[in-house]
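Residue numbers (the numbering used here): 11 to 163. Every residue, glycine too, gets a C-beta built ideally from N, C-alpha and C.
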């Protein structure tokens with residue numbers, strides 16, 4: 011059996027209809043697309059790295075920004091290959107909006123770490139929840155104006 015995306019001979023079940031983990035062709039395509047979106051969103055100075063390692067917790071994707079550096083690592087869900095073009099765009103835009111908030115988030119985490127343990131836990135949870143809502147609202151408004159995968163804009 012082969013991967014349905016890159017035909018490299020590695021597959022996870024479903025009679026060869028599931029891309030291998032990680033599928034190098036899929037990673038390269040999504041990384042090119044994420045970098046294109048990042049440039050359009052004012053993040054041209056950032057290094058965007060994409061991996062098909064599991065995003066975890068049922069997330070479609072998650073981003074980790076390297077502290078003090080302009081490096082963002084986006085991990086994609088194992089189901090990424092099944093997402094529509096709109097879901098890919100919307101999800102990547104959401105994660106890239108998190109990158110725009112990286113300095114704020116890192117500063118807030120530093121301040122909360124310096125706070126008492128209980129204040130840090132409660133404050134961290136509250137700020138994380140608020141950030142997620144704000145990021146999602148911005149991404150929902152912004153994404154439709156950005157190109158879909160493979161689309162020139």
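Ranked by Cα distance from residue 112, the first of 134, 140, 88, 80 is 80.
The residues 87, 101, in chain order, have a CB closer than 6 Å to that of residue 70 in the same chain once the five nearest residues on each side in sequence are set aside. In this model, residue 46 and residue 98 are separated by some 13 Å (Cα to Cα). The beta carbon of residue 58 is closer than 6 Å to those of 44, 45, 48, 82 in its chain, skipping five residues each way along the sequence.
Listed in chain order, the beta strand (DSSP E) elements of length 3 or more contained wholly in the region 62 to 137 are 71 to 75, 81 to 86.
For residue 48, the uninterrupted alpha helix (DSSP H) segment begins and ends at 34 to 50.
Secondary-structure assignment with DSSP links residue 140 through no beta bridge to anything.
Here the alpha carbon of residue 92 sits roughly 41 Å from the alpha carbon of residue 127. The criterion of a C-beta distance shorter than 9 Å is not satisfied by residue 152 and residue 76. Note on residue 53: 16 or more other CB atoms within 10 angstroms of its CB, so buried under the neighbour-count rule. At a Cβ-Cβ threshold of 9 Å, residue 95 and residue 61 do not count as neighbours.
Excluding its 5 nearest sequence neighbours in each direction, residue 145 has C-beta neighbours in its own chain below 7 Å: 104, 107, 108, 111, listed in chain order. No Cβ-Cβ contact shorter than 9 Å links residue 90 with residue 140.
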